[in-house]
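> The structure's right below; bear with me while I get my questions together.
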Amino acid sequence: MAELPKHQEDLSLDTFVRGLWKENPVFVMLLGMCPTLAVSNSAINAISMGLATTFVLAGSGALISGLRNWIPKQVRIASYIVIIATFVTIVDYAIQAISLDLYAALGAFIQLIVVNCIILGRAEAYASQQRLVPTLVNSLGIGAGFTIALFALGSVREILGSGTLFGLHLFGAGFQPWVVMVLPPGGFFVLGAWLLLFNWIKQRGERRADAPTGVPANAR
Amino acid sequence: MTNDVQVEAPQAPPDATPTFAMLRTLGGISLISGLLVVLAYQFTLPIIAENQRVRTEQAVFRVVPGAVTKRDFVLTDAGLVPAGEGVQGELIYAAYDAADQLKGVAITGVGNGYAGPVTVLFNYDPACQCIVGSKILQMTETPGFGDKMETDPEFLENLKALDAKLNADGTALINPIVTVKHGTKTHPWQIDAISGATLSSNAMGKAANTAAQRATPAIQRDLAKLTAANHTGQD
Numbered sequence: 365m366a367e368l369p370k371h372q373e374d375l376s377l378d379t380f381v382r383g384l385w386k387e388n389p390v391f392v393m394l395l396g397m398c399p400t401l402a403v404s405n406s407a408i409n410a411i412s413m414g415l416a417t418t419f420v421l422a423g424s425g426a427l428i429s430g431l432r433n434w435i436p437k438q439v440r441i442a443s444y445i446v447i448i449a450t451f452v453t454i455v456d457y458a459i460q461a462i463s464l465d466l467y468a469a470l471g472a473f474i475q476l477i478v479v480n481c482i483i484l485g486r487a488e489a490y491a492s493q494q495r496l497v498p499t500l501v502n503s504l505g506i507g508a509g510f511t512i513a514l515f516a517l518g519s520v521r522e523i524l525g526s527g528t529l530f531g532l533h534l535f536g537a538g539f540q541p542w543v544v545m546v547l548p549p550g551g552f553f554v555l556g557a558w559l560l561l562f563n564w565i566k567q568r569g570e571r572r573a574d575a576p577t578g579v580p581a582n583a584r
Numbered sequence: 002m003t004n005d006v007q008v009e010a011p012q013a014p015p016d017a018t019p020t021f022a023m024l025r026t027l028g029g030i031s032l033i034s035g036l037l038v039v040l041a042y043q044f045t046l047p048i049i050a051e052n053q054r055v056r057t058e059q060a061v062f063r064v065v066p067g068a069v070t071k072r073d074f075v076l077t078d079a080g081l082v083p084a085g086e087g088v089q090g091e092l093i094y095a096a097y098d099a100a101d102q103l104k105g106v107a108i109t110g111v112g113n114g115y116a117g118p119v120t121v122l123f124n125y126d127p128a129c130q131c132i133v134g135s136k137i138l139q140m141t142e143t144p145g146f147g148d149k150m151e152t153d154p155e156f157l158e159n160l161k162a163l164d165a166k167l168n169a170d171g172t173a174l175i176n177p178i179v180t181v182k183h184g185t186k187t188h189p190w191q192i193d194a195i196s197g198a199t200l201s202s203n204a205m206g207k208a209a210n211t212a213a214q215r216a217t218p219a220i221q222r223d224l225a226k227l228t229a230a231n232h233t234g235q236d
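Line by line, the protein sequences are chains A and B.
Note that our numbering gives residue 481 to position 117 of the first sequence, counting from 1, and the numbers run on in steps of one.
Note that our numbering gives residue 125 to position 124 of the second sequence, counting from 1, and the numbers run on in steps of one.
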């Protein structure tokens, strides 16, 4: 059994905040691209997907962290997948109970949260080594970062592609929607534009910090 | 992970995980998992069933204007059977106004469009033997093209008096409902396609035709069951 000395992280504000920016799953780690591109065609879909993923992250992270001393490393991936699948099934029922229209809009991507690498990545890299509370806080931070990223895509795509935000019309009747934005190519365009913006901000920050060692950290 | 290997490597053989520990872990986790899933299922089941009931009811009341109650019937080979008597099959919904008069019958049809199936609920009026309204329940047609079926007033005009008269035997439509090229509609059983969204318009025609071909013979034969005022309890 893997009872080895692990580096235990102390709970701090950074445990939560780094998921928002420094380790943002979409804009920095570029993980979970499949739901990011597929369901970010409207703001409400994006936020719902983000919240569903956050719930799975937090639930599975807490359980894995709580059981971390009882899970032998040989069967850890199988254990993590069963735990993650359990929370995905719960969230699947919950969304059906909340709204059938939302359930239809998100489609298969709710079940596909199981294979979202953000969640297995968190389980392997964090929850399996850290105590319960830091794991929960960190998962919520990563989930919030994912939700914010999806909303950044979803709001832009909905405004440009449908002329609405959360279903409310923003422009007059003469507005001709830029339909490609709610179609799959729009997802790539908007994601590309956001990545461009964030990397530009990051590089500028690095240059301002006047670090002569600085190779731009945007390799991916 | 690299730390693990360094610490464990010298004493690896005697420290191997016993099979029992692995079985215990997997068994325990499966047990917790099963428990959580069953709890979630049991808790959400009535809420989901209620959501589905409300959604169907709202769709029926929207497609049949003026309706305030509905009764569900199952379409069988032997005719219409009130739903809830253990018979499985396609459902049709008879909708009634406040005075308990039959306002229309909501029937469902599916046609394959450009990007997948298009499911439509139609309002069939048994008196004029025609389709007098429609509502798309589900589709994945391209935004800006195929989804005009829901909004284009010219197209919706097609579905306000779409002929669905039965032949003399009452077994099939005299004239099957078809979608025709934009601007070439000449008969009341034709649907004038939206220019630029022909495949989606075809799906609407196919949905209307399958719905009418399957449901209207039974509805006309068992019209007495639908108009009878004695409600059997399932609204």
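Ideal placement from N, C-alpha and C gives every residue a C-beta, glycine not left out.
Hey, how far is the Cα of A/W385 from the Cα of A/F562?
The residue given as residue 385 of chain A occupies position 21 in the first sequence. The residue given as residue 562 of chain A occupies position 198 in the first sequence. Rounded to the nearest angstrom, the two C-alpha atoms are 10 Å apart.
> To be precise: take each residue of the region 48-60 of chain B, compare its Cβ to all Cβ atoms of chain A, and keep it if any distance is under 7 Å. Which residues remain?
Those would be I48, I49, N52, Q53, R56, in chain order.
> Can you give the Cα-Cα distance for A/W434 and A/Q494, rounded to whole angstroms?
For the purposes of this step, residue 434 of chain A is taken as residue 70 along the first sequence, with counting starting at 1. For the purposes of this step, residue 494 of chain A is taken as residue 130 along the first sequence, with counting starting at 1. Each residue's Cα considered, the two are about 14 Å apart.
> Name the residues in the region 517-533 of chain A whose C-beta lies less than 8 Å from a C-beta of chain B; which are they?
From the region 517-533 of chain A, only G525, S526 have a Cβ closer than 8 Å to chain B.
> Can you name the start and end residues of the beta strand (DSSP E) that B/A96 belongs to?
Reading the second sequence from its first residue, position 95 is the one you call residue 96 of chain B. Run containing B/A96: 91-97, per the beta strand (DSSP E) assignment.
> Which residues, in chain order, does the region 469-500 of chain A contribute to contact with chain B at a C-beta distance below 8 Å?
Per Cβ criterion, the list is empty.
> Going along chain A in order, which residues have a C-beta closer than 7 Å to the C-beta of B/C42?
Here residue 42 of chain B refers to the residue found at position 41 of the second sequence. The sequence given here has Tyr at residue 42 of chain B, not Cys. Y457, listed in chain order.
> Which runs of the beta strand (DSSP E), 3 residues or longer, sit entirely within the region 152-177 of chain B?
As far as the region 152-177 of chain B is concerned, it has no whole beta strand (DSSP E) run of at least 3 residues.
> Taking only beta-carbon atoms, is B/A219 less than 8 Å away from chain A?
Numbered from its first residue, the second sequence carries residue 219 of chain B at position 218. It does not; no Cβ of chain A falls within 8 Å.
> What is the residue span of the beta strand (DSSP E) that B/D126 lies within?
Taking the second sequence and counting its residues from 1, the one referred to as residue 126 of chain B is at position 125. Here the beta strand (DSSP E) through B/D126 covers 118-126.
> If contact means a Cβ-Cβ distance below 8 Å, which residues of the region 428-445 of chain A contact chain B?
Cβ contacts with chain B: L431, W434, I435, P436, K437, Q438, V439, A442, S443.
> Where DSSP assigns a beta bridge to B/T77, which residues make up the other side?
Indexing the second sequence from 1 puts residue 77 of chain B at position 76. For B/T77, which the question treats as bridged, DSSP gives the partners B/G80.
> Please tell me whether A/G383 and A/L514 are closer than 8 Å, where the distance is taken between their beta carbons.
By 1-based counting over the first sequence, the position of residue 383 of chain A is 19. By 1-based counting over the first sequence, the position of residue 514 of chain A is 150. Contact: no.
> According to DSSP, is A/V392 part of a helix, a strand, or is it coil?
Locating residue 392 of chain A in the first sequence gives position 28, where the first residue counts as 1. Coil at A/V392, not helix or strand.
> Taking 8 Å as the cut-off, decide whether the C-beta atoms of A/F419 and A/V455 are in contact.
Your numbering for residue 419 of chain A matches position 55 in the first sequence. Your numbering for residue 455 of chain A matches position 91 in the first sequence. Yes.
> Strictly under 8 Å for the Cβ-Cβ distance: is A/P541 near chain B by that measure?
Position 177 of the first sequence, counted from the first residue, corresponds to residue 541 of chain A. Interface residue, yes.
> Whose C-beta lies closer than 7 Å to the C-beta of A/A410 among residues of the same chain, with five residues either side of it excluded?
On the first sequence, position 46 is the one that residue 410 of chain A refers to. V403, S404, L514, F515, L517, G518, listed in sequence order.
> Taking a cut of 8 Å between CB atoms, which residues from the region 538-572 of chain A lie near chain B?
If the cut-off is 8 Å between Cβ atoms, the region 538-572 of chain A has P541, V543, V546, L547 near chain B.
> Within 8 Å (strictly less), CB to CB, does B/T233 reach chain A?
As a position in the second sequence, residue 233 of chain B is number 232, starting the count at 1. Caution applies to B/T233, whose pLDDT of 48 falls short of 50 and renders its modelled position unreliable; the model cannot decide the point.
> Measuring only the C-alpha atoms, how far is A/S443 from B/R25?
Stepping through the first sequence from its first residue, residue 443 of chain A is reached at position 79. Stepping through the second sequence from its first residue, residue 25 of chain B is reached at position 24. Using only the alpha carbons, I get a separation of about 11 Å.
> Among B/F123, B/C129, B/G80, B/Q43, which residue has its Cα nearest to the Cα of B/V64?
Here residue 64 of chain B is taken as the residue at index 63 of the second sequence, counted from 1. Out of B/F123, B/C129, B/G80, B/Q43, B/F123 has the C-alpha closest to the C-alpha of B/V64.
> May I ask which residues mark the beginning and end of the alpha helix (DSSP H) holding A/C325?
Outside the displayed span of chain A (365 to 584) sits residue 325 of chain A, for which this structure offers no information.
> Identify every run of the alpha helix (DSSP H) within the region 17-85 of chain B, keeping only runs that are complete inside it and at least 4 residues long; order them along the chain.
Fully enclosed alpha helix (DSSP H) runs of 4 or longer: 20-64.
> Do B/V181 and B/I195 have their C-beta atoms closer together than 8 Å?
For the purposes of this step, residue 181 of chain B is taken as the residue at position 180 of the second sequence. For the purposes of this step, residue 195 of chain B is taken as the residue at position 194 of the second sequence. No, Cβ-Cβ distance for B/V181 and B/I195 is not below 8 Å.
> Using a Cβ cut-off of 8 Å, which residues of the region 130-141 of chain B contact any Cβ in chain A, in chain order?
Residues Q139.
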